[in-house]
Amino acid sequence: MRLAQGIIIDKEKTFGILKFSALRREVFLQNEDGTVSTEVKERTYDLKSKEQGRMIQVSIPASIPLKEFDYNAQVEMVNPVADTVATATFRGADLDWYIKADDLVLKGQQKPPQKPKTEPLGNEK
7 MRLAQGIIID
17 KEKTFGILKF
27 SALRREVFLQ
37 NEDGTVSTEV
47 KERTYDLKSK
57 EQGRMIQVSI
67 PASIPLKEFD
77 YNAQVEMVNP
87 VADTVATATF
97 RGADLDWYIK
107 ADDLVLKGQQ
117 KPPQKPKTEP
127 LGNEK
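7 is the number of the first residue of the sequence shown in the numbering used here; add one for each residue after it.
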């Protein structure tokens with residue numbers, strides 16, 4: 007079971023100040039024969055979250071270059087989304103949460119891309 011679009015997150019209220027810790031892991035694509043390829047699918051980073059009071063993990067697509075920020079550098083996620091994966095068990099289900107983002111940038115360095123605003127039609131003079 008998956009949420010159709012994930013849950014859009016209010017970054018400031020949910021995470022507060024985020025500080026970079028380290029690259030946690032790289033996820034690799036599989037070859038047609040089921041073996042692991044050398045092509046990276048996504049990278050997961052550890053971030054310290056002031057509001058959560060603990061370390062969180064965020065996954066970024068491999069199309070974004072490897073992030074090598076200084077330890078404790080203040081960062082922000084670009085377009086974060088939380089999602090779930092549920093696995094049925096004999097007692098109900100196990101639920102895992104994960105966070106994905108379009109990018110991870112130094113705080114204040116780059117603003118997330120804004121979606122263009124559309125004007126309602128029919129009110130032209």
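Each residue gets a CB set at the ideal place from its N, CA and C atoms; glycine is no exception.
Since we're looking at a predicted model, the values are computed, not measured.
Where residue i falls: helix, strand or coil (DSSP)
i       : result
Pro-118 : In this prediction, Pro-118 has a pLDDT of 47, which is less than 50 and means its spatial position is unreliable; what the coordinates show is noted afterwards. In the structure shown, Pro-118 sits in coil (DSSP, three-state: anything other than H, G, I, E or B).
Lys-106 : strand
Gln-80  : strand
Thr-41  : coil
Gln-17  : The question names Gln, but residue 17 in the sequence shown is Lys. Three-state result, Lys-17: helix.
Gln-36  : strand
Glu-48  : strand
Closest residue to residue i among the options (Cα-Cα distance)
i      : options                              : result
Lys-25 : Asp-100, Met-83, Lys-19 and Ala-94   : Met-83
Ile-14 : Leu-112, Gly-114, Ile-105 and Glu-45 : Ile-105
Ser-27 : Thr-41, Phe-75 and Asn-37            : Phe-75
Pairwise C-alpha distance: residue j and residue i
i       : j      : result
Arg-60  : Leu-72 : 23 Å
Leu-110 : Phe-96 : 39 Å
Ala-99  : Ser-69 : 33 Å
Ser-55  : Thr-41 : 35 Å
Where residue i falls, given that 16 or more other Cβ within 10 Å makes a residue buried
i      : result
Arg-49 : buried
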